[in-house]
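In the working numbering, the protein residues as written are 6 to 152.
Right, here's the structure in full:
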């Protein structure tokens, strides 16, 4: 059994192994290093992919939220436009009523002025009539008193 060597024997003789075994071992080490590199590469890619998925989920949620907010704002805008339209109609209606009332008040004011002028004229006439009557009465009294 002279072909069996222990680690101690190898250590003492140097680190030289058999050429075929050494090449196989180097080949396997290269293969393991390459495999380790691929695993690390896949790990980085997986990590990147997971971050991308998280961001995509986050932004998808944000987009859905914004779309919902847009729909709500559009509904509010529509309601505001309808309310504004109704308010405009009501304002026009009230403006029409105000114009009608102003016209009615103008007519009544003119009528009142005419009545006042007529009454002033009547009073003036009555005053003149009273004055005339007083003058006539004075003349008659003067005539009666002079007799």
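Just so it is clear, CB atoms sit at the ideal spot from N, CA and C, and this is done for glycine as well. Keep in mind it's a predicted model, so treat the numbers as computed, not measured.
*Note down the Cα distance separating residue 147 from residue 138, rounded to an integer number of angstroms.*
14 Å
*Roughly how many whole angstroms lie between the Cα atoms of residue 92 and residue 56?*
53 Å
*Alpha carbon to alpha carbon, how far is residue 31 from residue 47?*
24 Å
*Rounded to a whole number of angstroms, what is the C-alpha to C-alpha distance between residue 80 and residue 86?*
10 Å
*Three-way DSSP call (helix, strand, coil) for residue 152 in this model*: coil
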